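K.L.:
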Amino acid sequence: MPIRVNLDVMLARRKIRAKQLAEQIGLSETQLSMLRTEKVRGIRFDTLAKICLVLDCKPADILDYDVDTADLHTDEED
Numbered sequence: 001m002p003i004r005v006n007l008d009v010m011l012a013r014r015k016i017r018a019k020q021l022a023e024q025i026g027l028s029e030t031q032l033s034m035l036r037t038e039k040v041r042g043i044r045f046d047t048l049a050k051i052c053l054v055l056d057c058k059p060a061d062i063l064d065y066d067v068d069t070a071d072l073h074t075d076e077e078d
């Protein structure tokens, strides 16, 4: 997947533990762990907004994109 989650980097920069972030944004530690390890297929905008508020950052500080032309093709086209 060309979207990378750099949440651990921001947690380290802000010196906040994942457990603290999970508590502050109302997410379980398991859900946050799955996001941190890129085992999710999406994230709700309200969850992303809460993360950004607590970490005082922008979505681009947490998410990165690697260009992949395959993103233009759907499974239906194959």
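Position 71 of the sequence shown, counting from 1, maps to 71 under full-length UniProt numbering, and the rest follow consecutively.
Ideal placement from N, C-alpha and C gives every residue a C-beta, glycine not left out.
Quick caveat, the model's predicted, so the values are computed rather than measured.
#1: Can you check DSSP and say which residues form a bridge with Leu-11?
#2: Pick out the complete alpha helix (DSSP H) segments inside the UniProt domain "HTH cro/C1-type" (13 to 62), 4 residues or longer, and give them in chain order.
#3: Alpha carbon to alpha carbon, what distance is there between Asp-71 and Tyr-65?
#4: Let me know if Asp-8 comes out buried or exposed under the rule of 16 or more other beta-carbons within 10 Å of its beta-carbon.
#5: Count the CB pairs spanning the stretch 40 to 48 and the stretch 11 to 23 that are closer than 8 Å, and state whether there are at least three.
P.N.:
With the given structure in hand:
#1: Looking at the DSSP assignment, Leu-11 forms no beta bridge with any residue, so it has no partner.
#2: 18 to 25, 29 to 36, 45 to 55, 59 to 62
#3: 11 Å
#4: exposed
#5: no
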